[in-house]
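Under our numbering, read the sequence shown as residues 221 to 426, first letter to last.
See structure below.
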Amino acid sequence: MALNTTTIKRMREAGLNGARWFSNSQVRMEKPYWDANHGRFIYDRHLPSGKTVLGLNWTQGRGIFCLLAAWELCGETELLESAIHAANYIKILQIYDCPDNSRRQVAIREEVPQSWRSAPRDATEAALGLLFLYRVTGNSELLRRVVDYQQRWLVGNSRRTALHCRNTLRTWRRGLGTVVQPASNMEFFIALHFIRHRRKEREWQY
Numbered sequence: 221m222a223l224n225t226t227t228i229k230r231m232r233e234a235g236l237n238g239a240r241w242f243s244n245s246q247v248r249m250e251k252p253y254w255d256a257n258h259g260r261f262i263y264d265r266h267l268p269s270g271k272t273v274l275g276l277n278w279t280q281g282r283g284i285f286c287l288l289a290a291w292e293l294c295g296e297t298e299l300l301e302s303a304i305h306a307a308n309y310i311k312i313l314q315i316y317d318c319p320d321n322s323r324r325q326v327a328i329r330e331e332v333p334q335s336w337r338s339a340p341r342d343a344t345e346a347a348l349g350l351l352f353l354y355r356v357t358g359n360s361e362l363l364r365r366v367v368d369y370q371q372r373w374l375v376g377n378s379r380r381t382a383l384h385c386r387n388t389l390r391t392w393r394r395g396l397g398t399v400v401q402p403a404s405n406m407e408f409f410i411a412l413h414f415i416r417h418r419r420k421e422r423e424w425q426y
C-alpha cells in the first residue's frame, strides 16, 4: 500500500522528534555542574516522581543510530554533536589499561567505568554505534577501537562471553558455537566488513 504525502511527512516529523529527544535529554556537563555522565542518554524516567535511570552501553549505541539517521535526513548540527558526545561516553567505557588480561582488555563495560561486567550483545551494539559514527566523521580512532574490540575481545574471547573484572568469568553455552550471539551481532560483522574492505558496490543502512 502506497503512503500518501501527508502520512510520509508525519512519519518524518515523528522520527525527527524522537531523535531530537535523545539530544534534548542527553546528560551534559556544563558549568557549574560537573558531571561524569556527560554524553549519556536516559534509559527510563518515572513520570510521576521524575526519577531517572541512565542508559547502558547499548543505549548509547542505539541513540547514535537514531541521531545519525536523523542528521542525514535534516542536517541539524545538534544531532551530530549529540552522537559524538554519546560516542565519547562509550570510549571511556572501553578498557585499555589491562594489556596482560585478554578477558578485560578492550572490552566495553556495561554501565559505567566502574562496572565489573561486559555483555557481548550489549557491547557490540555500542561498538556498532562507534562504527556508524566513523562512517560519517572519518575519525580513525573510532575505527581502531571497533577493530580492537572485534578482533581482540569479541572473537579472541569467543568462548568467554561475559566479563567479570574480579577474575571470575560467566559463560553462556547455548549451542551457539564460536561466534557470540550471532543473530544480534550479525549486522556489526557485516558493517565492519564493508567498511574495512571499502566495498562500494553495496550500500548498507542504519
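Every residue gets a Cβ at the ideal spot worked out from N, C-alpha and C, and that includes glycine.
DSSP three-state assignment for residue i, whether helix, strand or coil
{"i": "residue 250", "result": "strand"}
{"i": "residue 355", "result": "helix"}
{"i": "residue 372", "result": "helix"}
{"i": "residue 338", "result": "strand"}
{"i": "residue 315", "result": "coil"}
Terminal residues of the beta strand (DSSP E) in which residue i lies
{"i": "residue 262", "result": "262 to 265"}
{"i": "residue 274", "result": "272 to 274"}
Extent of the continuous alpha helix (DSSP H) run through residue i
{"i": "residue 293", "result": "277 to 294"}
{"i": "residue 243", "result": "225 to 245"}
{"i": "residue 269", "result": "Element bounds for residue 269: n/a, residue is neither H nor E."}
Residue i CB to nearest heavy atom of the ligand ZN below 7 Å
{"i": "residue 355", "result": "Summarising the ligand content, the structure contains no ligands, and the ligand ZN is consequently not present."}
Check whether residue i and residue j have beta carbons under 8 Å apart
{"i": "residue 247", "j": "residue 235", "result": "no"}
{"i": "residue 307", "j": "residue 374", "result": "no"}
{"i": "residue 366", "j": "residue 293", "result": "no"}
{"i": "residue 351", "j": "residue 303", "result": "no"}
{"i": "residue 310", "j": "residue 280", "result": "yes"}
{"i": "residue 372", "j": "residue 326", "result": "yes"}
{"i": "residue 275", "j": "residue 262", "result": "yes"}
Outcome for residue i when other beta-carbon atoms lying within 10 angstroms are tallied against a minimum of 16
{"i": "residue 342", "result": "buried"}
{"i": "residue 268", "result": "exposed"}
Nearest-angstrom beta carbon gap, residue j and residue i [assumed within contact, 8 Å]
{"i": "residue 329", "j": "residue 257", "result": "Wrong, their Cβ atoms sit about 14 Å apart, outside the cutoff."}
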